[in-house]
Each structure stands twice: as C-alpha cells, then as structure tokens.
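Shown next, in structure tokens, is the structure this report addresses.
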Amino acid sequence: MDDIRNKAKELLENNSVNVVIGFGNGSENQTRAIFVRKPEDTVKLIYDERCVQNLSLYLLKHEVKHFGKIAITATLPILRTILQLASECQINDGEIIVLGISSDGKLVEFADFKAIEDYISTQNIDIKVEEKEFIKKIEAMSLSEKWAFWQEEFAKCIKCYACRQTCPLCYCTRCFVESNQPQWIPVAAHQLGNFEWHILRAMHLAGRCINCGECAKACPVGIPLNLLTYTLIDSIKAEFGTIAGTNAKLDSVLSSYKFDDKENFIG
Amino acid sequence: MPEFEPKIVAFVCNWCTYAGADLTGTSRIKYAPNVKIIRFPCTGRIDFMLLLKAFANGADGVIVSGCHPNDCHYTSGNFHARRRWMVFRHLLDFVGMDIRRVKYSWVSAAEGAKWADVVNKTVEEIRKLGPYNEYQKVAKLDFEKEVTNG
Chain A
1 MDDIRNKAKE LLENNSVNVV IGFGNGSENQ TRAIFVRKPE DTVKLIYDER
51 CVQNLSLYLL KHEVKHFGKI AITATLPILR TILQLASECQ INDGEIIVLG
101 ISSDGKLVEF ADFKAIEDYI STQNIDIKVE EKEFIKKIEA MSLSEKWAFW
151 QEEFAKCIKC YACRQTCPLC YCTRCFVESN QPQWIPVAAH QLGNFEWHIL
201 RAMHLAGRCI NCGECAKACP VGIPLNLLTY TLIDSIKAEF GTIAGTNAKL
251 DSVLSSYKFD DKENFIG
Chain B
1001 MPEFEPKIVA FVCNWCTYAG ADLTGTSRIK YAPNVKIIRF PCTGRIDFML
1051 LLKAFANGAD GVIVSGCHPN DCHYTSGNFH ARRRWMVFRH LLDFVGMDIR
1101 RVKYSWVSAA EGAKWADVVN KTVEEIRKLG PYNEYQKVAK LDFEKEVTNG
C-alpha cells in the first residue's frame, strides 16, 4: 500500500495531478471513495478486500474534472471500465494517470492504455462461478418459470435508479428514462414500468458491461439485475467475438456490424 | 365464443417491406387482415422498446421486416438491426418472454407474395399460441378487456 501512497504523494507534490481518486475509510466498517488533493492527505488512501467499488464512476463527473488533472487508483474492474470508456471516446490516452492495484495490493504503473490492455490480457476477467451457476439455473428454467422468477424480482423494484447512478458506463447526462414527451418508460414502479426499465437498462449496457457488479451491489432490494447484462456477455462474445473492457479501441457491439453476422431466426 | 383472432403489429421499413406489402395489395393477393403495419424509414430505426410497446398495447405477436442484407437503402441499417435483434432475442428469452411471438423476416419490394406468406404463417402460429395473457397481465390490459367485453 505504501508504494501507492508514495506514488500519489509524488504526483501531487510535483503537480502532475490535482486530485487522486482512491479508497478511504468511511463510516462504520465501510470504505468510500476519497478525493485526495493535498500530498499530506495521501496517508488516508487504503486498500484491502473491502475496497470493491468501481471508482471510475467519478472520472466523468464534472465536479471531479473541475479539480484538474486526475489520477485514479484502479483495481481490475476499474481498469476495464477505463478501457471501455476510452473506446467510447469518453477518456483520451494520457488524460488521466492510472495507478493500478494488483490483486495482492501492489502498485502497477501503466505508461499508456496499451499497457493496461496487456495487463488485462493476463488477468482472469470472467464472472464469478456462483453468478455463472445462477445464470445456468435460470436458463434451464421453462419459459413460464423464467417469466415468474423475473416478474417476482422486478416487483421489488422501487425505481430508485441506484443501478444507473452507480454504473460507470451509464454516463448519459439525460437518460431515456427521464424522457417524458412522450413518456417512454412509465415512471411508476408498477409491473410494466419496472419490466421496461430493466430491459432498457440491460440493452443499453449490452456489449458494454464489464461485469463489475456495481448495479447489483447498489440495489437496495437485492434484485440480481447484474445477471441481465452478464448473460449477454457470453452470447455477445460467442456471436461477435467482442469482450468489453479489454481494448481501448473496441467497436461498440450495437453500433457496428459485420456482413457475415450469423443468425438463424430471420426468414 | 368467437375464435381467437390474434392482433399482429408489423414494423416494416419504408423501402423494401412496405413497398412489398403494397405490391401484395396491387397484385390482389389476399392475406390475413390481423396485421397492423407501421412504416419506418429503416429497420435500423426500430428501437427494441417499440416491440415491447406493441405487446404492452395489446399485440399478441410482432413482425419485424426490412430489406434483405446488402439491399438497405441506407447501406447498413439492416445490418445494425440484425445485430440488435440477435442480442435482444437472447435477453427476452432470458427474462422469460415468448420469442416465438416476434417474427423477423427480410421482404424486398418485389416479394409481394412472400409478405402475404409471412403474415399468414405468423397469424397461424400466434393463433395456436393464443393471446399473450402473461404480458397483458403485466401491462394490465387483461383487466380492461374484461370490462370492455362486459
């Protein structure tokens, strides 16, 4: 951890960056994102197994950009989000300084996005085994069982949109769900509104989700809504050969095409 | 009790399938009257949510049809659409929607007979599947139906 603190201190001291986004102690036994702007405050930076938040959420916030040049401490999901954001032209190479954190808490430095790509290619980026099994379990259900399962899950939804707010890839300043002339998605947390909202969210993240799981962690009622985008990851990989967050110059799955995309359902 | 007549909504592109459906008419080919055709500039314009909106408004089945690959008026709209449907179908199946109720086809402006065929086949299949009660329950349409049917 000291190597990360020292590097952050050095960057702030020689004015290479104005703010370092990292993990700090929050209330109770929780961690939270901290925004270090003074070299002496770098001692507040921590890293342990509780530090699971995807901090890249803050990279595009204008309140944070306002500070000036940004450095960010980055675990694997954060690194992947950075690459995905780069491929969507949200971050340019060299615009931010990435202080990678390896799985054993050591500092990994990256010269450019290419170095991040190389690092990620050596890491295990699969979804967790228990999530994989959950998806398999749902896929094995009959149609009406699946429908009943998801309707029951969606019925809990209170439309707080925490899943959207916490997702680092849901960065539109105006979300479709707030579009009200005409009202595209019903506002009320009733069955239809909830269903349409979750389908819309999953489709807008199709081919972009980097399986950090922030949405499900943020959900106050415990809907396993990360599975909706996780299930698309495998099918998109199989059909189009694309894995989000592995390359800084990836074509977006739904806004690109190949002449020989194979399907078997269009007559 | 009259036989169930499926309500089908067809989302078609202006340049191929709409013209194709027009040809069906001018060729005086008779086909099932259950379909309501909605014309779009291109299949690339058909948002996935429109399909769900059709179901939410009482459709029992949906047809999506446009130009054959390589024939798109805008060069690539149908290629984009094809990818979208590949992803969307997987998602719908995962949440337990009946993907047999959404039919996709390529119908060119010269294929009037094919359009009649696509509609007739879809109507027959949906007739067998019956009304889409599961979705209409979610959309609260079944309640309204009971009221209007007295």
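Here the protein sequences line up with chains A and B, keeping their order.
In terms of the numbering used here, the first sequence opens at residue 1 and continues consecutively.
In terms of the numbering used here, the second sequence opens at residue 1001 and continues consecutively.
Where is the CB? At the ideal position from N, CA and C, for every residue including glycine.
Just so we're clear, the structure is a prediction, and the values are computed from it rather than from any experiment.
In this chain, the beta strand (DSSP E) harbouring arginine 1039 of chain B covers 1035-1040. For alanine 1139 of chain B, a Cβ of chain A is located within less than 8 Å of the residue's own Cβ.
When Cβ-Cβ separations below 8 Å define contact, aspartate 1098 of chain B makes contact with chain A. About 17 Å separates the beta carbons of valine 1087 of chain B and phenylalanine 1011 of chain B, which is beyond the 8 Å limit, so they are not a contact pair. Across the structure, phenylalanine 1055 of chain B and tyrosine 1135 of chain B are spaced so that their CA atoms are roughly 7 Å apart. Assignment of beta-bridge partners to arginine 32 of chain A by DSSP yields A:Gly24.
Here leucine 254 of chain A is near alanine 206 of chain A, since their CB atoms are less than 8 Å apart.
Among the residues facing chain B, lysine 136 of chain A is not included, as its CB has no counterpart in that chain under 8 Å away. With a 10 Å radius around the Cβ and a threshold of 16 neighbouring Cβ atoms, methionine 1 of chain A comes out exposed.
The region 1105-1125 of chain B makes contact with the region 1011-1027 of chain B: 3 or more CB pairs, one atom from each, lie closer than 8 Å. Within 10 angstroms of the beta-carbon of valine 36 of chain A lie 16 or more other beta-carbons, which makes it buried. The alpha carbon of alanine 155 of chain A has as its nearest neighbour, out of A:Gln123, A:Lys114, A:Tyr119 and A:Leu225, the alpha carbon of A:Leu225. Minimum Cα-Cα distance from isoleucine 243 of chain A among the listed residues A:Lys159, A:Gly193, A:Ile127 and A:Lys7 corresponds to A:Ile127.
Residue-level contact by beta carbon fails for arginine 1039 of chain B and chain A, as no gap is shorter than 8 Å. Across the structure, glycine 22 of chain A and lysine 217 of chain A are spaced so that their CA atoms are roughly 19 Å apart. With respect to isoleucine 91 of chain A, leucine 99 of chain A sits apart: the two C-beta atoms are not nearer than 8 Å. No Cβ of chain B is located within less than 8 Å of the beta carbon of glutamine 183 of chain A. Boundaries for threonine 73 of chain A: no alpha helix (DSSP H) harbours it, while the beta strand (DSSP E) harbouring it runs 70-74, taken from the DSSP string.
With a contact defined as Cβ atoms closer than 8 Å, isoleucine 135 of chain A and leucine 79 of chain A miss out at about 24 Å.
Think of a sphere of 8 Å around the beta carbon of alanine 1056 of chain B: the chain A residues whose beta carbon falls inside it are Leu192 and Glu196, in chain order. Listed in chain order, the alpha helix (DSSP H) elements of length 4 or more contained wholly in the region 207-245 of chain A are 214-218 and 226-240.
At a cut-off of 8 Å between beta carbons, glutamate 131 of chain A makes no contact with chain B.
Segment contact: the region 183-203 of chain A against the region 1026-1045 of chain B, fewer than three CB-CB distances shorter than 8 Å; contact not assigned. Counting only Cβ-Cβ distances below 7 Å, alanine 206 of chain A has contacts in chain B at Val1087, in chain order.
Contact of tryptophan 1106 of chain B with chain A by beta-carbon distance below 7 Å involves Ile266. Against chain A, the CB of arginine 1084 of chain B has a partner CB under 8 Å away; the residue lies at that interface.
Of all residues in the region 1117-1134 of chain B, only Val1118 and Glu1134 place a beta-carbon less than 8 Å from a beta-carbon of chain A.
DSSP places alanine 1010 of chain B inside the beta strand (DSSP E), whose first and last residues are 1008-1013. Put simply, the CB of tyrosine 257 of chain A is near chain B, with a gap under 8 Å to one of its CB atoms.
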